[in-house]
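Since the structure comes first, as structure tokens, the remarks are kept for the end.
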Amino acid sequence: MTPSLSSVPSDLVFPGVVDVVVIGGGIAGVAAAWQLALRGTKVALIEKGVIAGEQSCRNWGWCRQQNRDERELPLSILSLQMWEDLAHQAGGDVGFRRSGLVYASSRESDLAGWEAWGRMAKGYGVDTRMCSARDLKNLLPGNIGQWIGGVHSPTDGRAEPALATPVLAEAARQAGAVLFQHCAAREIEFSAGRVSAVVTEKGTVQCQCVLVAGGAWSGMFLRHHGVDIFQASIQSTSFATQVAPEIISGGVSMPDLAIRRRTDGRYTVGLSGFAVLHLSPMGLRQWRPFLPTFIERWRKMSYTVGTSFFNGPDAHCTWKADGLSPFEKTRILNPKSDQRSIKRGLQRLAKVYPDLRGVGVDHEWGGMVDYTPDAIPVIGPVASKPGLFISTGYSAHGFGIGPAAGKLAADLITGSPPCVDPTPFRYERMIDGTDLGSVGMI
0 MTPSLSSVPS
10 DLVFPGVVDV
20 VVIGGGIAGV
30 AAAWQLALRG
40 TKVALIEKGV
50 IAGEQSCRNW
60 GWCRQQNRDE
70 RELPLSILSL
80 QMWEDLAHQA
90 GGDVGFRRSG
100 LVYASSRESD
110 LAGWEAWGRM
120 AKGYGVDTRM
130 CSARDLKNLL
140 PGNIGQWIGG
150 VHSPTDGRAE
160 PALATPVLAE
170 AARQAGAVLF
180 QHCAAREIEF
190 SAGRVSAVVT
200 EKGTVQCQCV
210 LVAGGAWSGM
220 FLRHHGVDIF
230 QASIQSTSFA
240 TQVAPEIISG
250 GVSMPDLAIR
260 RRTDGRYTVG
270 LSGFAVLHLS
280 PMGLRQWRPF
290 LPTFIERWRK
300 MSYTVGTSFF
310 NGPDAHCTWK
320 ADGLSPFEKT
330 RILNPKSDQR
340 SIKRGLQRLA
350 KVYPDLRGVG
360 VDHEWGGMVD
370 YTPDAIPVIG
380 PVASKPGLFI
390 STGYSAHGFG
400 IGPAAGKLAA
410 DLITGSPPCV
420 DPTPFRYERM
430 IDGTDLGSVG
440 MI
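Quick note on numbering: numbering that gives the first Met the number 0 labels position 259 of the sequence shown as 258, and the sequence is numbered without any gaps.
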């Protein structure tokens, strides 16, 4: 099922000319549209389904610096600062609370990794604290897991995915952006070698720049325009419990399980690392750059060949600007939740938190996460196609950095000094022979 979302109305009059078209109504695209509109840029946001209908409402809602890849850490730090004031700036409650996050483990290797990460992160001013088993008992009352230690990030927080992106979308409209849902982008037009327009199912809009922020669908859309990008789709399952007593105010990650307190009195529960890889023509074609990650994580993955082989974001599809596109055939990517994962999550939850034993599932959902081989997003221009920009590949941790990612994209599009060093996120690393390696801290 689809998590309940705050609805956002679409604008009525389709524009003929704008400065920038943003393709994709997830948090990356919406945050960029908002930032662009705040600067006086004339921007239209185009979404094939509904605002936040896919992964932006299906994530865990963690807003963290802890355990980020160092390349992504400056973006994470800036995002936390933005989350703090987002409700005031955007004019609506996004559910953000600086309630802290805790990681607990029974594995020495985890502790060693967190300790090494902490030494690096403290150079950036991040408040990260190693915890003993005794510390965890104080931080996690009621948790009876046999943990040997962990790490606490007291300044990290949480927000509500179903609220945040719709609030930002309405803020973008108030700042001057126009929003169109159930409006698939079919084609980017180029004149004299640079972006000149976007053809949509509702008409053509002329523009100087396009930002492709289509989540799992970005790769298909970009490849249609001759822009190759390594991106794989991984299916995850999460669920919300029934209303339950407050045993934690923030979030806690344990081996195989993560939970977050919600503002509605429930908990969002995720199965850490467990996922389903959908085998696809595009996945088979790009197996080499993903091989290191596959070797590292195959034990927690299962595999399937389903309808996505032919119709999903990793399928091999062709279409014409004046015909039906794959994005109109699948308005909202809504994979079924995995019942085995839900059963495992309930069992694990009851085992470590006896006070939650018997708490049932209020609602459940599947999501399709877009991964890059290094689990670092692509945010930036495509040098070979002037006017084309990308913001995609957030690899299951884009919600927390969404506000700053939108700011960075807007900086690059408008030629402003970038809010963080954009080098780690450059598109060209996908095609210039850069060793992408395997995922590190995510």
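Glycine residues also receive a C-beta, built at the ideal position from the N, C-alpha and C atoms.
Leaving aside the five residues before and after I441 along the sequence, list all residues of the same chain whose C-beta is less than 8 Å from its C-beta, in chain order.
-> To locate residue 441, count along the sequence shown from 1; it is residue 442. Any reading at I441 is ruled out, since the residue's pLDDT is 46, under 50, leaving its predicted position unreliable.
V197 to V204 span [Cα, whole Å] = Here residue 197 corresponds to residue number 198 of the sequence shown, with the count starting at 1. Here residue 204 corresponds to residue number 205 of the sequence shown, with the count starting at 1. Answer to the nearest angstrom: the Cα atoms are 5 Å apart.
Cα-Cα separation between I412 and F398, rounded to whole angstroms = Mapped onto the sequence shown, residue 412 falls at position 413. Mapped onto the sequence shown, residue 398 falls at position 399. Going by the C-alpha atoms only, they are around 21 Å apart.
Stretch-stretch touch, CB-based, cutoff 8 Å, three pairs: the region 21-37 with the region 201-218 = Between the region 21-37 and the region 201-218 there are three or more inter-stretch CB-CB distances shorter than 8 Å, so the stretches are counted as touching.
Excluding the five sequence neighbours on either side, which residues of its own chain have a C-beta within less than 7 Å of the C-beta of I430, listed in chain order?
-> The residue you call residue 430 lines up with position 431 of the sequence shown. Answer for I430: D227, listed in chain order.
Whose C-alpha, out of D126, H151 and V125, is nearest the C-alpha of A132?
-> Residue numbering aside, residue 132 sits at position 133 when the sequence shown is read from its first letter. When C-alpha distances from A132 are compared across D126, H151 and V125, the shortest belongs to H151.
Would you call the region 31-39 and the region 168-186 in contact, with 3 or more CB pairs under 8 Å?
-> Verdict: yes, contact present.
Can you list, in chain order, the stretches of the alpha helix (DSSP H) that have 4 or more residues and sit fully within the region 389-428?
-> You should have 397-413.
Quick one, are the C-beta atoms of I246 and L355 less than 8 Å apart?
-> In the sequence shown, the residue the question calls residue 246 occupies position 247. In the sequence shown, the residue the question calls residue 355 occupies position 356. Taking 8 Å as the Cβ cut-off, I246 and L355 qualify as a contacting pair.
Rounded separation between T433 and A163 - CA only = For the purposes of this step, residue 433 is taken as residue 434 along the sequence shown, with counting starting at 1. For the purposes of this step, residue 163 is taken as residue 164 along the sequence shown, with counting starting at 1. Rounded to whole angstroms, the separation of the alpha carbons of A163 and T433 is 35 Å.
From K47, A31 and F13, pick the residue whose C-alpha is nearest to that of E327; which is it?
-> Sequence index remark: in the sequence shown, residue 327 carries index 328 (1-based). In terms of CA proximity to E327, K47 leads the group K47, A31 and F13.
From which residue to which residue does the alpha helix (DSSP H) around V17 run?
-> Here residue 17 refers to the residue found at position 18 when the sequence shown is read from its first residue. For V17, no alpha helix (DSSP H) segment is defined, and its DSSP state is neither H nor E.
Is there contact between the region 345-352 and the region 242-259, where contact requires at least three CB pairs shorter than 8 Å?
-> The region 345-352, when compared against the region 242-259, does touch it at the 8 Å Cβ threshold.
Do S78 and P402 have their C-beta atoms within less than 8 Å of each other?
-> If you number the sequence shown from 1, residue 78 lands on position 79. If you number the sequence shown from 1, residue 402 lands on position 403. Taking 8 Å as the Cβ cut-off, S78 and P402 qualify as a contacting pair.
Would you tell me roughly how many angstroms separate the C-alpha atoms of E188 and D313, rounded to the nearest one?
-> Counting from one through the sequence shown, the residue named residue 188 turns up at place 189. Counting from one through the sequence shown, the residue named residue 313 turns up at place 314. Their backbone Cα atoms lie some 23 Å apart in a straight line.
Compute every distance between the C-beta of G94 and the non-hydrogen atoms of the ligand NAP, then say whether any falls below 7 Å.
-> Here there are no bound small molecules, and the ligand NAP is not part of this structure.
Beta-carbon proximity of S235 to G365, cut-off 8 Å | By 1-based counting over the sequence shown, the position of residue 235 is 236. By 1-based counting over the sequence shown, the position of residue 365 is 366. When the beta-carbon positions are compared, S235 and G365 come within less than 8 Å of each other.
Considering only C-alpha positions, which residue in the set I233, S340 and S104 is nearest to G135?
-> Your numbering for residue 135 matches position 136 in the sequence shown. It is Leu, not Gly, that sits at residue 135 in the sequence shown. It is S104 whose Cα lies nearest to the Cα of L135.
Which residues share a DSSP beta bridge with Q34?
-> On the sequence shown, residue 34 is found 35 positions in, with the first residue counted as 1. Q34 pairs with nothing; no bridge assigned.
Give the DSSP-derived three-state secondary structure of P353 in the structure shown.
-> For the purposes of this step, residue 353 is taken as residue 354 along the sequence shown, with counting starting at 1. In this structure, P353 counts as helix in the three-state DSSP scheme.
Use the C-beta contact count for E53: other C-beta atoms within 10 angstroms, 16 or more gives buried, fewer gives exposed.
-> Walking along the sequence shown from the start, residue 53 turns up at place 54. Classification for E53: buried.
Using DSSP bridges, identify the partner residues of H362.
-> For the purposes of this step, residue 362 is taken as residue 363 along the sequence shown, with counting starting at 1. Its beta-bridge partners are A239.
Using the beta-carbon count (16 or more within 10 Å), is T199 buried or exposed?
-> Sequence index remark: in the sequence shown, residue 199 carries index 200 (1-based). Buried, since its Cβ has 16 or more Cβ neighbours within 10 Å.
Locate the beta strand (DSSP E) running through G90, then write down its first and last residues.
-> Here residue 90 is taken as the residue at index 91 of the sequence shown, counted from 1. Neither: G90 is in no beta strand (DSSP E) and is coded neither H nor E.
Among A404, A408, W116 and P372, the one whose alpha carbon lies nearest that of F388 = Counted from its first residue, the sequence shown places residue 388 at position 389. Among A404, A408, W116 and P372, the Cα nearest to that of F388 belongs to A408.
Which residues share a DSSP beta bridge with Y266?
-> To locate residue 266, count along the sequence shown from 1; it is residue 267. R260.
Outcome for T127 when other beta-carbon atoms lying within 10 angstroms are tallied against a minimum of 16 | The sequence position of residue 127 within the sequence shown is 128, counting from 1. Buried: at least 16 other Cβ atoms inside 10 Å.
Under the DSSP definition of a beta bridge, which residues are partnered with P160?
-> One-based indexing of the sequence shown puts residue 160 at position 161. As far as DSSP is concerned, P160 takes part in no beta bridge.
Cβ of T413 less than 8 Å from any chain B Cβ?
-> Among the protein chains of the structure shown there is no chain B, as only one such chain exists.
Endpoints, beta strand (DSSP E) assigned at P380 = To locate residue 380, count along the sequence shown from 1; it is residue 381. Counting along the chain, the beta strand (DSSP E) containing P380 begins and ends at V377 to P380.
Among A191, Q230 and P325, the one whose alpha carbon lies nearest that of L435 | Reading the sequence shown from its first residue, position 436 is the one you call residue 435. The shortest Cα separation from L435 among A191, Q230 and P325 belongs to Q230.
If you run the structure through DSSP and keep just helix, strand and coil, what is F189?
-> Sequence index remark: in the sequence shown, residue 189 carries index 190 (1-based). Residue state, collapsed to three classes: strand.
Can you list, in chain order, the residues of its chain whose CB lies under 7 Å from that of M81, leaving out five sequence neighbours each side?
-> Indexing the sequence shown from 1 puts residue 81 at position 82. Within the same chain, Cβ atoms closer than 7 Å to the Cβ of M81 are found at P402 and A403, the five residues on either side in sequence being excluded.
Going along the chain, which unbroken runs of the beta strand (DSSP E) with 3 or more residues stay wholly within the region 70-120?
-> Annotation: the region 70-120 contains the following complete segments of the beta strand (DSSP E) (minimum length 3 residues), in chain order: 100-104.
May I have the straight-line CA-CA distance separating H223 from V12, to the nearest angstrom?
-> Taking the sequence shown and counting its residues from 1, the one referred to as residue 223 is at position 224. Taking the sequence shown and counting its residues from 1, the one referred to as residue 12 is at position 13. So the alpha carbons of these two residues sit roughly 28 Å apart.
Quickly, what does DSSP pair Y370 with across the bridge? List them, please.
-> The count along the sequence shown starts at 1 and reaches residue 370 at position 371. Beta-bridge pairing by DSSP links Y370 to A231.
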